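Chains as they are written, first to last, in the working numbering: chain A, 1 to 284; chain B, 1 to 336.
Beta carbons are placed, not taken as given, at the ideal position from N, Cα and C, and that holds for glycine.
Owing to the predicted nature of the structure, the values given are computational and were not obtained by experimental measurement.
Heads up, the thing below is written out as structure tokens.
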């Protein structure tokens, strides 16, 4: 427990010194609760249409108002948290595994492994990233797993870079030599010795890219790729509300959009806070 | 000169990669173009017929060769929705996208660079906090949502700006085409009424894109200015009695701009992607909304042409950024 005391003290210092991080943490817990319990917390059925109540402005009964089919926007935005955060979390986990391992191997072995991973990253970076994501989803088919995959692929170079840089600085470290002398094979050293050491920075990287992953998935849904109506999803809900902005029914697009924005903001702040804890040198 | 040629050759792998990936995405993966073309009621025979017609029954290397040949002839296929060759459609719509993206970039640079400088010079003061908030908010804003908010405020509430429906209002006719940029063409033709209409339509989408691209530029300007301002030559310049403005603009900024220009590569990656979303929000007749319409209609060739165009544009933009960097920084010329 002694080893944990100092980082914990530092974490408490960061959270209390910068109230924004504490605020982001509270928001994060709120979003996680919405993602886990959303469907049972929703005051109305998110899919039930009720044309008699169409396009009602926000009120005591409908906190965020109702959409063109009379569905409760608050319930829909709440239920959508699971899908949006789920897509982002799945894609970040996927790229953490793929990019993290590719970067580790690339930095550890060098040579052709490094060249191969490097070319793969360069190829991805040759595209404007959102356009590449569009192309991948359009080619593979309009499904949620494909959005997850596309979002993971466009983040791949970033993860490779972090993992590779951190691995290269540790490749010749004493503890690596010691592990080798003790008879560990390459893979054993890589996964048993090097990986645990680069883990904290990779976790920071995950939290920093969560926000971008949510934005990316919502953007794809906004242009009609990925999740389809009537599924509640923040990007689609904004797209559906877009046509009502010019006639003054602002709440249809505003509330889902604002929820999306706050979620992304929360993840970005949290990522910055986590980076301050793990890697204080990079504070700006 | 040799360095320049070397750099030109250096962007060839990226171009090759782009061409290969576009081919793989559209021909090799399960999504089947022939089934799209044939429609939902087609029999297996008619699908096979269409496959043969499109050359999709050939072995992959041969298909790839045909694809490259067609590409070099400027043949990107036909759009089912418009009935035009994709290349014609893209060429007609590209100026609209380019005008919007460049205006967005200018808005972003115009705000972000001075803001970044001010934040670095007055570190820890009010302007620095404003900069930090804008930078954090800027990367969190969904660009399609900011666009809609601006439309609501400036069109619906205040009626200061026209409805988000394309490049000109319904009563104006486009200026005679010279560059395809309405602002430039209208100015050349002296049609100031058209110019005003085009500018009014452009303000909101350009501001939306600008707000989005502002964050990375402001952050890097601030960081880079801070690094330069701490350097010894700045201390020397100050000690020599040069005025604050001379030190900041002539000495610090010129050196601090290099990382900013390098970051523009990343900014363009964001801008070209965000462009698609902004074009959809503002019914902007550019290549992004063309691709979105084609996506909805399951029309493969335009999407493919769009992805290829965007990727080639991006490679060229990166090349340009590199050239500018070389022109500004003697070290980059000698280094490689």
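| field | Simplified DSSP state of residue 30 of chain B, which is helix, strand or coil | value | Low per-residue confidence applies at residue 30 of chain B: pLDDT is 49, beneath 50, and the placement is therefore not dependable, though the value from the model is reported in the following sentence. Coil at residue 30 of chain B, not helix or strand.
Rounded to the nearest angstrom, what separates residue 177 of chain B and residue 205 of chain B at their Cα positions? In this model, residue 177 of chain B and residue 205 of chain B are separated by some 22 Å (Cα to Cα).
By DSSP, does residue 162 of chain B sit in helix, in strand, or in coil? For residue 162 of chain B, the secondary structure class from DSSP, reduced to helix, strand or coil, is coil.
- request: Would you mind stating whether residue 89 of chain B and residue 302 of chain B have Cβ atoms separated by less than 8 Å?
  value: The answer is yes: Cβ separation under 8 Å.
Under a Cβ-count criterion, where at least 16 other Cβ atoms within 10 Å of its own Cβ denotes burial, should residue 274 of chain A be classed as buried or exposed?
-> By the beta-carbon neighbour count (other beta carbons within 10 angstroms, threshold 16), residue 274 of chain A is buried.
TODO: Give me the Cβ distance between residue 218 of chain A and residue 235 of chain A, rounded to the nearest whole Å; I'm assuming they're in contact under 8 Å.
DONE: About 3 Å separates the beta carbons of residue 218 of chain A and residue 235 of chain A, which is inside the 8 Å limit, making them a contact pair.
Is the region 159 to 172 of chain A in contact with the region 70 to 78 of chain A, if contact means three or more CB pairs nearer than 8 Å? Short answer: they don't touch.
Item to complete: Please say whether residue 18 of chain B and residue 315 of chain B have beta carbons closer to each other than 8 Å?
Response: It is a contact, given that the beta carbons lie within the stated cut-off.
Check your understanding: Closest by CA to residue 171 of chain A, which one among A/254, A/52 and A/105?
Key -> The option with the nearest alpha carbon to residue 171 of chain A is A/105.
Relative to the C-alpha of residue 9 of chain B, which candidate in B/328, B/319, B/329 and B/324 has its C-alpha closest? That would be B/319, whose Cα lies nearest to the Cα of residue 9 of chain B.
Taking the DSSP output, what are the residues bridged to residue 72 of chain A? Answer by DSSP bridge pairing, in chain order: A/66.
Closest residue to residue 119 of chain B among B/255, B/229 and B/96 (Cα-Cα distance): Comparing Cα-Cα distances from residue 119 of chain B to each of B/255, B/229 and B/96, the minimum goes to B/229.
**Report entry** Simplified DSSP state of residue 61 of chain B, which is helix, strand or coil
**Finding:** In the three-state scheme derived from DSSP, where H, G and I count as helix and E and B as strand, residue 61 of chain B is classed as helix.
ask   = Using a beta-carbon distance cut-off of less than 9 Å, what residues from the region 106 to 131 of chain A approach chain B?
value = For the region 106 to 131 of chain A, residues whose beta-carbon sits nearer than 9 Å to a beta-carbon of chain B comprise 119, 122, 123, 124, 125, 126, 127, 128, 129, 130 and 131.
Hey, would you say residue 137 of chain A sits closer than 8 Å to residue 225 of chain A, going by beta carbons?
-> Pairing residue 137 of chain A with residue 225 of chain A gives a Cβ-Cβ distance under 8 Å.
Using a cut-off of 7 Å between C-beta atoms, extract the partners of residue 215 of chain A located in chain B. What residue 215 of chain A touches in chain B, judged by beta-carbon distance under 7 Å, is 142, going in chain order.
What are the boundary residues of the alpha helix (DSSP H) that residue 271 of chain B is part of? Residue 271 of chain B -> alpha helix (DSSP H) spans 254 to 281.
(request) Using three-state DSSP, classify residue 19 of chain A as helix, strand or coil. (result) Of the three classes helix, strand and coil, the one that applies to residue 19 of chain A here is helix, per DSSP.
**Asked** Can you find a C-beta in chain A that's less than 8 Å from the C-beta of residue 77 of chain B?
**Response** Taking Cβ atoms only, chain A never reaches closer than 8 Å to residue 77 of chain B, which makes this a no.
Bridge partners - residue 85 of chain B, DSSP secondary structure assignment:
BP columns for residue 85 of chain B point to B/78.
Review point. What are the start and end residues of each continuous beta strand (DSSP E) run of 3 or more residues lying completely inside the region 97 to 167 of chain B, in chain order?
Key: Here no run is fully enclosed.
* Assuming residue 78 of chain B contacts residue 69 of chain B (C-beta within less than 8 Å), just tell me the rounded distance between them. => Cβ-Cβ separation between residue 78 of chain B and residue 69 of chain B: approximately 17 Å, too far for a contact (criterion under 8 Å).
Note to self: Distance cutoff 8 Å, beta carbons only. Does residue 261 of chain A sit that close to anything in chain B?
What the structure shows: It does; some Cβ of chain B falls within 8 Å.
*Interface partners of residue 22 of chain A on chain B, CB under 9 Å*: Near residue 22 of chain A there are no residues of chain B at all, since even the closest Cβ is about 16 Å away, more than 9 Å.
Exercise. Does DSSP put residue 231 of chain B in a helix, a strand or coil?
Worked result: In the structure shown, residue 231 of chain B sits in coil (DSSP, three-state: anything other than H, G, I, E or B).
query = Among residues of its own chain, excluding the 5 on either side of residue 98 of chain A, which ones have a beta-carbon nearer than 7 Å to its beta-carbon?
reply = Within the same chain, residue 98 of chain A has close Cβ partners 152 and 156.
Using the Cα positions of residue 182 of chain B and residue 161 of chain B, report the straight-line distance between them to the nearest angstrom.
Taking the straight line joining both Cα atoms gives about 17 Å.
Counted within 10 angstroms of its Cβ, other Cβ atoms place residue 29 of chain A as buried (16 or more) or exposed: So residue 29 of chain A counts as exposed.
(Q) I believe residue 212 of chain B touches residue 138 of chain B by the beta-carbon criterion, under 8 Å. Please report the beta-carbon distance rounded to the nearest angstrom. (A) Indeed, because the Cβ distance is near 7 Å, the residues count as touching under 8 Å.
>> Nearest by alpha-carbon distance to residue 185 of chain A: which of A/47, A/108, A/20 and A/278 is it?
In response: Considering only alpha carbons, the answer is A/108.
- Task: Just the C-alpha distance for residue 201 of chain A and residue 45 of chain B, rounded to the nearest angstrom, thanks.
- Result: If I take the Cα positions, the gap works out to 56 Å.
Within a Cβ cutoff of 6 Å, which residues of the same chain sit near residue 30 of chain B, ignoring the five residues on either side of it in sequence?
Only weak support is given to the placement of residue 30 of chain B: the predicted model assigns it a pLDDT of 49, under 50, and the value that follows is read from those uncertain coordinates. Result list for residue 30 of chain B: empty, nothing under 6 Å.
Scan the region 202 to 226 of chain A for residues whose Cβ lies nearer than 7 Å to a Cβ of chain B and list them as they occur along the chain.
-> Flagged, chain order: 211, 215, 218, 219, 222, 223, 224 and 225.
Only counting runs of 4 or more residues, tell me where the alpha helix (DSSP H) segments fall wholly within the region 226 to 273 of chain A, in order along the chain.
Fully enclosed alpha helix (DSSP H) runs of 4 or longer: 234 to 245.
(Q) At a CB distance below 9 Å, what residues from the region 269 to 285 of chain B approach chain A? Give them in sequence order. (A) Result list: 269, 270, 271, 272, 273, 274, 275, 276, 277, 280 and 281.
Would you report the Cα separation of residue 174 of chain A and residue 150 of chain B, rounded to the nearest angstrom? Looking at the backbone, the Cα of residue 174 of chain A and that of residue 150 of chain B are separated by about 57 Å.
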